[in-house]
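J.: Numbering-wise (my numbering), the sequence shown opens with residue 59 and increments by one.
Glycine residues also receive a C-beta, built at the ideal position from the N, C-alpha and C atoms.
Here the structure is a predicted model, which is why all the values come from computation and not from measurement.
This is the structure I have questions about; it appears just below.
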Amino acid sequence: MTYRMRPPRDIVSGRGCIGEIGNIVSSFLPKSIAFLVDGSVHRSGGSDNLLEMLRAQGAAVHIVPDVPVEPEVGQIRELFTSMSGLGVDLIVAMGGGSVLDSAKMTSVLLRNPGYLANLLDAGLIKERGVPLIAIPTSAGTGSEATPNSIVVVPEQQLKVGVVHPFFIPDCVILDPEATVSLPANITATTGLDAFCHAIECFISKKRNPFSDLYALEAIRLISRSLLRAFQDGSDLEAREDLLLAAFYGGMCIASSSTVAVHALSYPLGGRYRIPHGLSNAILLPWVMDFNRGAVAERFARVAAAMGIPAGADDEETSKKTVEGIFTLARSLGIPSDLRELGVRKEDLDEIVAAAMKVTRLLDNNPRPVSPEDARGIYLKLLP
Ligand SMILES: [Fe+2]
């Protein structure tokens, strides 16, 4: 099997490292910078220092503060249209997964107007996009490390992951200080999204030595620090662990693939607009329970990374792993009933049908997933 890793070209990490932005930006010799920023980060003043440093570079800086949350195809088109006459030659994106994904798509659109015809068809992308600097303010999606962009297709009530190597940012700035104001519930769900990336990629049929390396370290860091950051958002040590773990999770996705958790999660996001991290967090323990028997040895290695003592054999240890995941989700306040989020049993046929279409991910699940299996997993969450 051939496996491949395409990391971002420049990765800067550490507390306060946003201060490097001047040096980083100047290497691109920009004349016109688009600054895509999360609306709440911008309004709370969280991007003021960065903006000042960008302006000091002498280039025109166009602030784009209304980047859509969980963007729809039409919203990405509008975003591109609003930027297309500005002569943008560098994009700096600061925000969570939605902001980074929007920036990745607009960066490519600015150099590939033909791609506008169908954003779901990555085959229309021919040229590298406008250079992109990604600064995550949440520790979850790992979008800063991946060639994936997620868009909502409202007609199909589905979220679709579009994949192209030109979506990989040119530079990533991982500054834990940019994540301290993240509320506890978002810290929990985004952290568990990163946890899903690591575990799913570790048991995926596409797993490989590169993804294994990053997955086990991400699992270790999240197990050590997610509860800490949830309980005390100002804990910078924990925030740093989580930001690294989310990036590592993205590196896993870039060379392996997520599996049934993400596949079953997409219809919940598309149809009910349940945030991505939350639907994954709810599904994770049950999908892992479903997969456990197929990859018990892998689960034993996950247990070790989580700090769970081994049982008598891999089978027993794998049970303890799943229990550990249930416990973690519970202690982070993750609900276990999808009805609380508006999901109705009457919709189940359509939800299952939509999930079964996500073959890009389901095909990589270590245990085959039939429509009945998917229904069984959803039913655990619809008591
Ligand atoms: Fe995810």
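Under 8 Å, with one C-beta from each stretch per pair, do the segment 310–325 and the segment 243–257 reach the 3-pair mark?
T.: Touching, yes, given that three or more Cβ pairs across the two stretches are closer than 8 Å.
J.: For a minimum of 4 consecutive residues, which ranges assigned as the alpha helix (DSSP H) are wholly contained in the segment 119–197?
T.: Entirely contained in the segment 119–197, the alpha helix (DSSP H) runs reaching 4 residues are, in chain order, 131–141, 155–169.
J.: Among Ile261, Leu94, Asn266, which residue has its Cα nearest to the Cα of Thr60?
T.: Measuring from the Cα of Thr60, the nearest candidate turns out to be Asn266.
J.: Please find out if some non-hydrogen atom of ligand 1 comes closer than 8 Å to the beta-carbon of Thr199.
T.: Flag set: Cβ of Thr199 near ligand 1.
J.: From Leu250 to Met309, what distance separates their C-alpha atoms?
T.: If you take the alpha carbons of Leu250 and Met309, they lie about 16 Å apart.
J.: If we ignore side chains and look at the alpha-carbon of each, how far apart do Lys101 and Thr199 end up?
T.: Sequence inspection shows Arg at residue 101; the Lys mentioned does not correspond to that position. The alpha-carbon atoms of Arg101 and Thr199 are separated by roughly 23 Å.
J.: Any beta carbon of chain C sitting closer than 9 Å to that of Arg297?
T.: The chain labelled as chain C is not found in the depicted structure, where only one protein chain is given.
J.: Run the proximity test for Asp159: is its beta-carbon closer than 8 Å to any non-hydrogen atom belonging to ligand 1?
T.: Not under cutoff, so the answer is no.
J.: Exposed or buried, Gln289, counting other C-beta atoms within 10 Å across all chains shown (16 or more means buried)?
T.: By the neighbour-count rule (16 or more Cβ atoms within 10 Å), Gln289 is not buried but exposed.
J.: If contact is defined by three or more beta carbon pairs under 8 Å, each pair taking one atom from either stretch, is the segment 167–176 in contact with the segment 123–142?
T.: Yes, the segment 123–142 touches the segment 167–176.
J.: Below 8 Å on the Cβ atoms is my guess for Glu128 versus Ser156; work out the distance and round it to an integer in Å.
T.: Right, their Cβ atoms sit about 6 Å apart.
J.: Measuring from the CB of Asp251, is there a heavy atom of ligand 1 at a distance below 8 Å?
T.: Result yes, Cβ under 8 Å from ligand 1.
J.: For Ala303, which option in Ile82, Leu158, Ser71, Thr375 has the closest C-alpha, if you only look at C-alpha atoms?
T.: For Ala303, the nearest C-alpha among the options comes from Ser71.
J.: Cα-Cα, which of Val238, Phe225, Tyr173, Val410 is closest to Leu326?
T.: For the residues Val238, Phe225, Tyr173, Val410, the minimum Cα distance to Leu326 belongs to Val410.
J.: Under the three-state reduction of DSSP, which class applies to Leu240: helix, strand or coil?
T.: The answer is coil: DSSP assigns Leu240 none of H, G, I, E or B.
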